[in-house]
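J.:
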Amino acid sequence: MSERRDSTDSVDDVAGELPAVGTAVVTGANSGLGFEVTKGLAEKGTHVVMACRSIERGEDAKRRIEAEVPGASLTVNELDLADLESVSAFAEWFTSTYDALDVLCNNAGVMAIPRTETEQGFEYQFGVNHLGHFALTAHLLPVLQQTTGESRVVVQSSAGHRKADIDFEDLQGEESYSAWGAYGQSKLANLLFAYELDRRLRMAKASVKSLGCHPGGSKTNLLDHSATQGGFRPDLLLMRLLNAVIVRSAERGAESMLYAALDPSIDGGEYVGPDGFMNMYGDPVVQPSSDRSYDETLARRLWDVSEDLTGVSFDLPEPN
Numbered sequence: 005m006s007e008r009r010d011s012t013d014s015v016d017d018v019a020g021e022l023p024a025v026g027t028a029v030v031t032g033a034n035s036g037l038g039f040e041v042t043k044g045l046a047e048k049g050t051h052v053v054m055a056c057r058s059i060e061r062g063e064d065a066k067r068r069i070e071a072e073v074p075g076a077s078l079t080v081n082e083l084d085l086a087d088l089e090s091v092s093a094f095a096e097w098f099t100s101t102y103d104a105l106d107v108l109c110n111n112a113g114v115m116a117i118p119r120t121e122t123e124q125g126f127e128y129q130f131g132v133n134h135l136g137h138f139a140l141t142a143h144l145l146p147v148l149q150q151t152t153g154e155s156r157v158v159v160q161s162s163a164g165h166r167k168a169d170i171d172f173e174d175l176q177g178e179e180s181y182s183a184w185g186a187y188g189q190s191k192l193a194n195l196l197f198a199y200e201l202d203r204r205l206r207m208a209k210a211s212v213k214s215l216g217c218h219p220g221g222s223k224t225n226l227l228d229h230s231a232t233q234g235g236f237r238p239d240l241l242l243m244r245l246l247n248a249v250i251v252r253s254a255e256r257g258a259e260s261m262l263y264a265a266l267d268p269s270i271d272g273g274e275y276v277g278p279d280g281f282m283n284m285y286g287d288p289v290v291q292p293s294s295d296r297s298y299d300e301t302l303a304r305r306l307w308d309v310s311e312d313l314t315g316v317s318f319d320l321p322e323p324n
């Protein structure tokens, strides 16, 4: 990692230390962490494709960033990660419009919502947080591979992965569903995917790296949305209170993804998050994720299941 920064540094100061890249895709770019990651990349002169479920909210976010970052180069396009047809359409548009992609930021997500299903019938958190990004990455891998120099895939996880496992016997939560359990499973799936992708990219001797990150305790709209969707639940109301009075800004939370995306000293297969108390606060550093997230047998099984569920495959060698 680069030299440690003072904890009072703003994201503008932090982004100023990092090299620029040409083109990036950020999912969920219109709000929260995605908005701040997009703004940080734009400040570096990167052209950012803002992949948003709502074009209207995406265009509004684009205008706000342009007002703060003179000369920002931004494009908004529709991407609904809860619909694999939308994922395919976005990728088809991107690959027909761009011939290079330096960074894919798989950022968008939902958290601790009541059980519902995606267009293809997947449990919503697993479908959006993991399967949608799995399919998107597969579709965009050819353009990542043909990009001059090193390109990166950065997958947003969270501390919620640490006590999770993958329940292959009830993957879609049809027999028993816990909002927080499903969220943790999806965040563990994010890391298993990020690390397995990097292993396969290394086997292919590709110029693409894959890695994970987490924002720490960051104020975003996810907790408020969870509480709104979940009704009166003491755990969600407590989290809303913490979100309001304790947790740091989305601007600081975005630093982990910015560093994972841009810092040349960070390698594939690593995990970036805050270095402070319980990894909730502080500056972004490389740190270990849970032991379960490094389980290669589990990762390969999840990979195979994800290919079967999405109908999308990667043109990469399989581990022995």
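When the letters of the sequence shown are read in order and numbered with the working numbering, they come out as residues 5 to 324.
Here a beta-carbon is modelled for each residue, glycine too, at the ideal position from N, C-alpha and C.
Only a predicted model underlies this, so the values are computations on that prediction, with no experimental measurement involved.
1. Does DSSP classify L108 as helix, strand or coil?
2. Is the beta carbon of L83 sitting closer than 9 angstroms to the one on C56?
3. P292 by DSSP, collapsed to three states: which one?
4. Start and end of the alpha helix (DSSP H) containing K66?
5. Exposed or buried, D295, counting other C-beta atoms within 10 Å across all chains shown (16 or more means buried)?
6. How many angstroms separate the CA atom of N324 from the CA atom of D202?
7. To which residues of the same chain is E274 closer than 6 angstroms at the C-beta, ignoring the five residues directly before and after it?
8. Using the beta-carbon count (16 or more within 10 Å), is S310 buried or exposed?
9. Count the C-beta pairs between the stretch 193-212 and the stretch 298-310 that are closer than 8 angstroms, then say yes if the count reaches three, no if not.
10. Run through DSSP, which three-state label would S155 get?
11. Of all the options T101, H137, P292 and L262, which has the alpha carbon lying nearest to the alpha carbon of L37?
12. Going by DSSP in three states, T120 sits in which element: helix, strand or coil?
13. Ignore the nearest five residues each way along the sequence and tell me which others in Y102's own chain have a CB closer than 7 angstroms to its CB.
14. Under 6 angstroms Cβ to Cβ from N34, same chain only, skipping five residues before and after it: list those, please.
15. Go through its chain and collect everything with a Cβ distance to S293's Cβ below 6 angstroms, but skip five positions before and after it.
T.: Taking the coordinates as given:
1. Walking along the sequence shown from the start, residue 108 turns up at place 104. Three-state DSSP puts L108 in a strand.
2. Here residue 83 corresponds to residue number 79 of the sequence shown, with the count starting at 1. Here residue 56 corresponds to residue number 52 of the sequence shown, with the count starting at 1. Yes, Cβ-Cβ distance for L83 and C56 is below 9 angstroms.
3. Counted from its first residue, the sequence shown places residue 292 at position 288. Three-state result, P292: coil.
4. The residue labelled residue 66 in the question sits at position 62 within the sequence shown. Unbroken alpha helix (DSSP H) run through K66: I59 to E72.
5. For the purposes of this step, residue 295 is taken as residue 291 along the sequence shown, with counting starting at 1. With fewer than 16 other Cβ atoms from the protein chains shown falling within 10 Å of its own Cβ, D295 counts as exposed.
6. Locating residue 324 in the sequence shown gives position 320, where the first residue counts as 1. Locating residue 202 in the sequence shown gives position 198, where the first residue counts as 1. Going by the C-alpha atoms only, they are around 15 angstroms apart.
7. Residue 274 sits at position 270 when you count from the first residue of the sequence shown. Answer for E274: L215 and V290, listed in chain order.
8. In the sequence shown, the residue the question calls residue 310 occupies position 306. Classification for S310: buried.
9. Segments in contact, yes.
10. For the purposes of this step, residue 155 is identified with residue 151 of the sequence shown, where counting begins at 1. Assignment of S155 by DSSP, reduced to helix, strand and coil, places it in the strand class.
11. Here residue 37 refers to the residue found at position 33 of the sequence shown. Cα-wise, what sits closest to L37 is L262.
12. The residue given as residue 120 occupies position 116 in the sequence shown. Coil.
13. To locate residue 102, count along the sequence shown from 1; it is residue 98. Answer for Y102: T27 and V147, listed in chain order.
14. Your numbering for residue 34 matches position 30 in the sequence shown. Cβ neighbours of N34 beyond the five flanking positions: C56, R61, G62 and A65.
15. Counted from its first residue, the sequence shown places residue 293 at position 289. Around S293: L195 and Y275.
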